[in-house]
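Numbering (this note's numbering), first residue to last: 346 to 548. Quick reminder that beta carbons are idealized off the backbone N, C-alpha and C, glycines included. Reviewing the structure listed below.
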């Protein structure tokens with residue numbers, strides 16, 4: 346809820362600085378584990394999104410139970426510009442399927458206000474109220490019987506129509522394939538050279 350943004354995605358410079366495919370492998374492992382930790386947390390997770398929520402940020406927000414956001418916050422997947430794929434699984438939990446497809450193909454973001462209209466963002470508030478509102482929302486859940494709340498979360502995860510862990514792993518396979526083809530590495534190098542719009546900063 347503080348700082349310039351919620352999450353800008355992985356560090357492309359760090360990935361490119363590592364030998365071979367190790368940077369990409371490490372980034373993908375870390376993202377998978379982070380998303381799983383949020384999704385499998387035994388209690389509901391509330392996220393407060395301010396500024397930008399890109400790439401990895403979509404995975405974190407999409408796996409959360411409740412999302413509140415600051416006015417004007419942006420949600421996006423610049424993966425195609427970065428020669429990668431991933432987190433469309435989670436984006437489709439935040440926006441309708443065809444909107445998600447356009448966002449992935451075009452790399453254009455959506456606003457918090459739009460996501461609120463879809464129902465995936467619970468509340469949109471001024472940035473200076475974001476932290477307090479997130480705590481209030483969490484407090485509503487915390488006031489309930491914790492045993493029942495944990496059971497509710499387990500039951501909701503159990504009836505999810507899409508296995509988000511397996512689906513995300515499927516997407517990651519295309520990232521590895523693109524990297525082996527050279528497309529992924531070329532896109533990341535182009536970003537570091539400044540050959541592309543700086544808005545495409547996250548994998």
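In the DSSP output, what is residue i paired with across the bridge?
i	result
residue 468	413
residue 456	419
So, for residue i: in the same chain, excluding its five sequence neighbours on each side, which residues have a beta-carbon less than 8 Å away from its beta-carbon?
i	result
residue 481	none
residue 502	384 and 385
residue 495	387 and 388
residue 492	none
residue 511	none
Can you have a look at residue i and say buried or exposed, based on whether 16 or more other CB atoms are within 10 angstroms of its CB?
i	result
residue 477	exposed
residue 363	exposed
residue 513	buried
residue 500	exposed
residue 536	buried
residue 437	buried
residue 489	exposed
residue 336	In the structure as shown, the chain starts at 346 and stops at 548, and residue 336 therefore has no counterpart that could be examined.
residue 545	Residue placement at residue 545 cannot be trusted, given a pLDDT of 39 that sits under 50; what the coordinates show is reported in the next sentence. By the neighbour-count rule (16 or more Cβ atoms within 10 Å), residue 545 is buried.
residue 525	exposed
residue 518	exposed
residue 527	exposed
residue 515	exposed
residue 392	buried
residue 479	buried
residue 531	exposed
residue 433	buried
residue 449	buried
residue 485	exposed
residue 378	exposed
Apart from the five residues just before and just after residue i, which ones in its own chain have a Cβ nearer than 7 Å to its Cβ?
i	result
residue 533	357, 360, 361, 427 and 428
residue 408	380, 383, 384, 435 and 509
Please go through the same chain and pick out, in chain order, the residues whose beta-carbon is closer than 6 Å to the beta-carbon of residue i, but skip the five residues on each side of it.
i	result
residue 414	394, 457, 466 and 469
residue 390	383, 409 and 410
residue 372	355 and 360
residue 472	395 and 415
residue 421	399 and 454
Cα-Cα, which of the options is closest to residue i?
i	options	result
residue 384	488, 537, 492 and 507	507
residue 474	416, 488 and 365	416
residue 523	351, 349 and 366	366
residue 460	451, 419 and 432	419
residue 431	492, 455 and 529	529
residue 351	453, 520, 405 and 450	405
residue 462	439, 453 and 491	439
residue 369	447, 520, 540 and 484	520
With a threshold of 8 Å between beta-carbons, can residue i be considered close to chain D, or not?
i	result
residue 476	The structure shown contains no chain D, having only a single protein chain.
Does the ligand GTP have even one heavy atom less than 7 Å from the beta-carbon of residue i?
i	result
residue 414	This structure lacks the ligand GTP, and indeed carries no ligand of any kind.
For this session: Any chance you could list the alpha helix (DSSP H) runs of at least 4 consecutive residues sitting entirely within the region 363-423, in chain order?
Result: Entirely contained in the region 363-423, the alpha helix (DSSP H) runs reaching 4 residues are, in chain order, 367-385 and 401-408.
Exercise. Taking the runs of the beta strand (DSSP E) that are 3 residues or longer, which of them lie wholly in the region 462-548?
Worked result: Segments of the beta strand (DSSP E) lying fully in the region 462-548: 468-470.
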